[in-house]
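Just so you know, numbering that gives the first Met the number 0 puts 52 at position 53 of the sequence shown, and the rest follows in order with no gaps. Glycine is no exception: its CB is placed at the ideal position from the N, C-alpha and C atoms. Fair warning: this is a prediction, and the values are worked out from it, not measured in the lab.
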Amino acid sequence: MVLSKFVRIQLAVFSILTVISVTIMGIEYMQIPAQLGIGRYTVKVELATNGGLYATANVSYRGATVGKVVDVAATPAGAEATLSMFSDEKVPKNLDANVHSRSAIGEQYIDLIPRADGEPFLRDGDVIPVDRTSVPQEIGTLIDTVDRGLDAIPRANLRTVIHEGYNAFHGTGPSLQRLLDSSHALTSGVLDNISPITTLIEDAGPVLHAGAISNEAIRAWASSVDTLTGQLAASDQQVRDLLISGADAADEANALFQSLRPTTPILLANLVGLGQVAATYNAGLEQLLVILPAGMSAVDTVNFPNTGGTDSGILAFNLNLNAPEPCTVGFLPAAERRNGSAQDAPTRPARPLYCALPQTDQNAVRGARNYPCMDRPGKRAPTVEMCKSDEEYQPLGTNPWIGESQSYIDNPEYRPSAGNAPPAPGAAAPAAATPSVGTASYDPETGAYVGPDGQAYTQQDLARNPHHVTEEPSWQTMLNPAA
């Protein structure tokens with residue numbers, strides 16, 4: 000078959016157009032070079048979940064398509080997407096990969112957001128870790144929750160809920176807009192102060208733990224507050240009267256404080272000194288507060304009538320003379336002492352007057368020389384000055400008996416009352432001194448006593464008290480003296 004020249008030209012043109020069309024379709028539409036890996040490099044993206052991502056999804060960088068998703072595979076840690084990127088697009092390696100939805104029908108794509116511009120750029124084989132990726136929130140759970148919520152509402156009341164919702168939000172557009180604007184400002188402030196807020200949240204753990212531990216105490220406090228508010232509600236009129244008259248009472252209190260204003264600083268200054276004294280003598284004050292009630296209770300038993308019917312007080316009185324002998328050391332000399340009828344007075348010495356015997360002497364053991372120093376534990380001294388200093392107490396003598404012709408300050412063994420005083424040179428030894436008054440222990444119940452010779456005697460002709468009770472006291476009589 001012979002073809003004309005015109006036909007041959009037409010066939011040649013059609014062949015050229017066919018080749019061009021097939022080439023364009025293969026390159027642009029079928030992406031044959033991309034399928035062969037020409038002009039492409041591969042990047043892996045690790046995801047917590049696939050987030051609805053699928054193969055052939057686009058990869059976007061700053062609004063431009065720079066590649067496609069060629070595969071999405073499940074991994075033990077989540078999912079992994081394989082991206083085929085255009086080689087002519089330079090994408091920084093320091094970036095975040097976020098999976099987003101392009102439309103309501105679930106069209107997903109990956110948006111690459113750089114953290115910094117410039118090198119290094121993504122290369123073939125790079126992996127974007129999961130901590131730099133994000134996927135959209137699953138809406139399946141939300142839809143299920145909404146569905147369950149709608150199922151919980153009876154069908155007959157669903158219309159009521161819709162109407163009430165319309166009434167609740169109708170006309171509140173400006174208010175909702177202000178709420179959203181304020182929420183946006185609050186969110187911006189949170190983002191600007193994310194570090195302090197994070198620290199606050201982390202440090203809130205111990206506080207919340209303490210609140211959990213104090214659960215019972217908080218409940219008790221809430222119950223007490225509830226009781227208090229109930230009492231306030233029950234006493235409403237009294238509270239109103241208090242609020243009405245409170246202003247006048249406040250004025251009176253202010254006037255009182257103004258009147259006390261000149262003297263209050265002086266009083267407080269004096270109380271400071273008193274407080275220092277009380278702090279120093281704290282132990283003594285505590286002992287006094289413990290002993291004084293018991294002592295007053297013992298004294299109070301005198302007021303109870305006698306159980307024998309005599310209506311006399313329960314009181315016993317004994318008089319001891321010179322047992323032990325009085326202390327004379329540390330006081331005025333005998334020549335300077337005055338009786339009760341004298342109207343003159345001797346000159347008082349500069350040193351304090353107290354029984355200045357050794358601290359171990361059995362005479363006047365509760366005297367000033369054995370006062371405990373409150374601010375110096377373990378030290379005893381007669382004066383505050385000696386307590387506060389390093390000076391130790393020094394006795395002035397050993398108590399010579401009144402009337403002795405010689406002063407035996409430092410050697411009590413040679414007192415005449417001891418019977419071994421040394422005689423004067425060339426003189427005979429004096430007889431042993433005899434006390435002018437003798438004392439002995441005496442039991443008025445049995446009549447037993449000790450004589451001067453040291454022997455025990457009993458007075459037999461004593462009259463017995465007919466009301467005397469010989470029974471041993473019980474714990475009831477100790478608690479009730481009147482019994």
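For Gln-236, the secondary structure class from DSSP, reduced to helix, strand or coil, is helix. The C-beta of Asn-321 has fewer than 16 other C-beta atoms within 10 Å across all chains shown, which makes the residue exposed.
Cβ contact annotation for Asp-110 (same chain, cutoff 6 Å, sequence separation greater than five): Ser-59, Asn-97 and His-99, in chain order. The beta carbon of Thr-445 sits closer than 8 Å to the beta carbons of Thr-457 from its chain, once the five residues preceding and following it are set aside; these are given in chain order. Per the C-alpha coordinates, the member of Leu-190, Pro-345 and Ser-340 positioned closest to Ala-333 is Pro-345.
Boundaries of the beta strand (DSSP E) around Ser-83: 77 to 85. For Lys-67, there is no enclosing alpha helix (DSSP H); the residue is found in the beta strand (DSSP E) stretching over 63 to 74. Note that the region 42 to 51 touches the region 113 to 128; at least 3 beta-carbon pairs, one per stretch, sit closer than 8 Å.
Below 8 Å, too few C-beta pairs join the region 137 to 144 and the region 101 to 108 to call them touching: fewer than three.
Residue range 94 to 100 is occupied by the beta strand (DSSP E) that includes His-99.
Excluding its 5 nearest sequence neighbours in each direction, Leu-352 has C-beta neighbours in its own chain below 6 Å: Phe-330, listed in chain order. Taken through DSSP and simplified to helix, strand or coil, Glu-45 comes out as strand.
If you look at Pro-195, you'll find it in the alpha helix (DSSP H) that goes 193 to 212. With respect to Val-68, Ala-54 sits close: the two C-beta atoms are nearer than 8 Å. Per DSSP, the beta-bridge partners of Asp-110 are Ser-59 and Asn-97. Taking C-beta atoms as the reference points, Asn-49 and Ala-78 count as a pair closer than 8 Å.
With fewer than 16 other beta carbons inside 10 angstroms of its own, Val-6 counts as exposed. Within the same chain, no residue comes within 8 Å of Ala-341 by CB-CB distance, once the 5 residues on both sides are set aside. Pairing Phe-85 with Arg-39 gives a Cβ-Cβ distance under 8 Å. Judged by DSSP in its simplified three-state form, Tyr-165 adopts helix.
Rounded to the nearest whole angstrom, the CA to CA distance from Asn-338 to Thr-327 is 16 Å. For the pair Gln-361 and Pro-323, the CB atoms are nearer than the 8 Å cut-off. Residue state for Phe-316 is assigned as coil, using DSSP reduced to three classes.
Only buried fits Pro-381, as 16 or more other CB atoms lie within 10 angstroms of its CB. With fewer than 16 other beta carbons inside 10 angstroms of its own, Tyr-165 counts as exposed. Taking 8 Å as the cut-off, the beta carbon of Ala-355 is found closer than this to the beta carbon of Gly-396. In the three-state DSSP reduction, Ala-268 falls in the helix class (H, G or I). Around the beta carbon of Met-24, fewer than 16 other beta carbons sit within 10 angstroms, so the residue counts as exposed. Ser-133 has Asn-97 as its beta-bridge partners, per DSSP.
Taking the Cα of Arg-101 as reference, the smallest distance to any Cα among Leu-52, Thr-262 and Glu-118 is reached at Leu-52.
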